[in-house]
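Going by this note's numbering, the first residue of the sequence shown is number 794, and it counts up by one from there.
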Amino acid sequence: MTPSLDEILRNGVKEKLARDEVVASMMVRLVRGVEIARIAKSAGFDTFYIDMEHCSFSLETASQICMAALEIGIPAFVRVPANTPEYISRVLDAGALGVIAPHVRSAEQAREVVRYARFAPEGERSANGGLPHLQYRSFPTVPANLALNRATMVIVMMEAAQALERVEEIAAVEGVDMLLVGTNDLTAEWGVPGQYDDPRVAAAYERTIAACRAHGKHVGIGGLASRPDLVEKFVRMGARFVSTGTDLSFLMAACTQKARNVATLSR
794 MTPSLDEILR NGVKEKLARD EVVASMMVRL VRGVEIARIA KSAGFDTFYI
844 DMEHCSFSLE TASQICMAAL EIGIPAFVRV PANTPEYISR VLDAGALGVI
894 APHVRSAEQA REVVRYARFA PEGERSANGG LPHLQYRSFP TVPANLALNR
944 ATMVIVMMEA AQALERVEEI AAVEGVDMLL VGTNDLTAEW GVPGQYDDPR
994 VAAAYERTIA ACRAHGKHVG IGGLASRPDL VEKFVRMGAR FVSTGTDLSF
1044 LMAACTQKAR NVATLSR
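(1) Spatial neighbours of N942 within its chain, please: C-beta separation below 7 Å, excluding the five flanking residues on both sides.
(2) Which residues does DSSP list as the beta-bridge partners of L973?
(3) Under a Cβ-count criterion, where at least 16 other Cβ atoms within 10 Å of its own Cβ denotes burial, should Y929 be classed as buried or exposed?
(4) In the DSSP assignment, find the beta strand (DSSP E) that holds D813 and state where it starts and stops.
(5) So, with DSSP's three-state summary, where would you put T1049?
(6) Please go through the same chain and pick out, in chain order, the residues whose beta-carbon is closer than 7 Å to the beta-carbon of C848, but skip the five residues on each side of it.
(7) Measuring alpha carbon to alpha carbon, tell me which of K834, A894, V994 ends up nearest N977.
(8) Does the distance from the C-beta atom of V815 to that of V960 stay below 8 Å?
(9) Round the Cβ separation of P874 and M845 to the nearest angstrom and send it over; I've been treating them as touching at under 8 Å.
(10) Does M845 come out as helix, strand or coil in the three-state DSSP assignment?
(11) Taking Cβ positions, are H926 and L802 nearer each other than 8 Å?
(12) Would you kindly check if the distance between the Cβ of Y909 and the Cβ of R898 is under 8 Å?
(13) Looking at the secondary structure, which residues open and close the beta strand (DSSP E) in which I867 lies?
(14) For M820, name the three-state secondary structure that DSSP assigns.
(15) How many Å lie between T934 and A1052 at the Cα?
(16) Between E962 and the rest of its own chain, which residues show a CB-CB distance below 8 Å, the 5 nearest in sequence each way excluded?
(17) Give me the Cα-Cα distance between E864 and R831, rounded to the nearest whole angstrom.
(18) Assign L1044 to one of two classes, buried (16 or more other C-beta atoms within 10 Å of its C-beta) or exposed (fewer than that).
(19) Where does S1059 fall in DSSP's three states?
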C-alpha cells in the first residue's frame, strides 16, 4: 500500500515549534559525508543546517546529506550563499526541508525568498516531480505541492541594522516561518564585533521576539554558542530555535580537551 503524504512528509521542527518547544540545531561546515546526519540525530539535535554561505560544499554534497537526513527523520536546512532562485529552489528540490536566507534587509527581500521557496499559490517555485521528500513517489500535483509548502520552513536572517529597523514589516511577511538573529554580523556592523554584552544585542532580541509574537512567527538564536547565559536569557524571553555551534568547533573542542587531558599526565 502506498503511504499517504502525511505519513511521508513531516517536519519535526515545525511540530516542536507549534508546541512552543525549544529546538536544538547544529551547523555543518566541515563534514562532507552523510554520516553527519546520523551523528546529529544520535546526538539528540532536532535539526541541522548546512552552511553553504561559509563553506565550499557543492550542491551535490548538500543534496546527499539532506537526503540522508530525510531517510533517518531529521529535518535538514540549508543556508544559501545568495537569496536567488537558482540556490533556494535547488536546495529544496535536492532534499532540504527548509532554507535559511542570509542578509535579508527588507520585507520585499523576505517576500522574494518566499516566492522562490514556496509553490503556488503561496509562491512561484517551479513545479518538479519525483522529489526525494516524497520518496520519489508520484502524487497529484496540487496536494503534493500544498504538503511541501506546509513542511518547508522559510527562515530569514536578521543580521543587519537595517533589518532591525524594519523587523516588524519583515515579521509580517506571509510565508516566513522564522527570523534567525545573526548576532555576530550584527555586532560587527555596530563596530563591536563579538561584544555580546552590548545593550543593543539584548534590545535586538527583545524587538525581534515582540515582532514575531505579534505575527505568529518564531525567533532563532545564532552566533551565541560561546554564551550559554545569553542563550538561556533569550530563550526565556521567547526565542525557540538555538544554533549551538558548528561541526568544526565541536571537533576542535573535543580534540583539544583530549590532548590537554593527556598532557597533564606528565606533569
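Every residue, glycine too, gets a C-beta built ideally from N, C-alpha and C.
Quick answer:
(1) Numbered from 1 along the sequence shown, position 149 holds the residue referred to as residue 942. Taken in chain order, the residues that qualify are R911, F912, E915.
(2) Taking the sequence shown and counting its residues from 1, the one referred to as residue 973 is at position 180. The partner list for L973 (beta bridge, DSSP) reads M950, G1013.
(3) By 1-based counting over the sequence shown, the position of residue 929 is 136. Per the 10 Å Cβ criterion, exposed.
(4) The residue given as residue 813 occupies position 20 in the sequence shown. Where D813 is concerned, there is no enclosing beta strand (DSSP E), given that its DSSP letter is neither H nor E.
(5) Here residue 1049 refers to the residue found at position 256 when the sequence shown is read from its first residue. Helix, per DSSP.
(6) For this step, residue 848 is matched to residue 55 along the sequence shown. These residues qualify, in order along the chain: R822.
(7) Numbered from its first residue, the sequence shown carries residue 977 at position 184. Checked all of K834, A894, V994; the closest Cα to N977 is V994.
(8) Your numbering for residue 815 matches position 22 in the sequence shown. Your numbering for residue 960 matches position 167 in the sequence shown. In this structure, V960 does not lie closer than 8 Å to V815 by Cβ.
(9) Taking the first residue of the sequence shown as position 1, residue 874 is located at position 81. Taking the first residue of the sequence shown as position 1, residue 845 is located at position 52. With 8 Å as the limit, P874 and M845 qualify as a contact, their Cβ atoms being about 5 Å apart.
(10) Within the sequence shown, residue 845 is the residue found at index 52, counting from 1. Of the three classes helix, strand and coil, the one that applies to M845 here is coil, per DSSP.
(11) Against the sequence shown, residue 926 aligns to sequence position 133. Against the sequence shown, residue 802 aligns to sequence position 9. Cβ atoms of H926 and L802: closer than 8 Å.
(12) The residue labelled residue 898 in the question sits at position 105 within the sequence shown. The residue labelled residue 909 in the question sits at position 116 within the sequence shown. No, the Cβ-Cβ distance between R898 and Y909 is not below 8 Å.
(13) Position 74 of the sequence shown, counted from the first residue, corresponds to residue 867. Run containing I867: none; DSSP gives neither H nor E here.
(14) Counted from its first residue, the sequence shown places residue 820 at position 27. Strand.
(15) Counted from its first residue, the sequence shown places residue 934 at position 141. Counted from its first residue, the sequence shown places residue 1052 at position 259. About 55 Å.
(16) Mapped onto the sequence shown, residue 962 falls at position 169. Cβ neighbours of E962 beyond the five flanking positions: S899, A900.
(17) Looking up residue 864 in the sequence shown gives position 71. Looking up residue 831 in the sequence shown gives position 38. Distance between the alpha carbons of E864 and R831 is about 10 Å.
(18) The residue labelled residue 1044 in the question sits at position 251 within the sequence shown. By the 10 Å Cβ count, L1044 comes out exposed.
(19) For the purposes of this step, residue 1059 is identified with residue 266 of the sequence shown, where counting begins at 1. Three-state result, S1059: helix.
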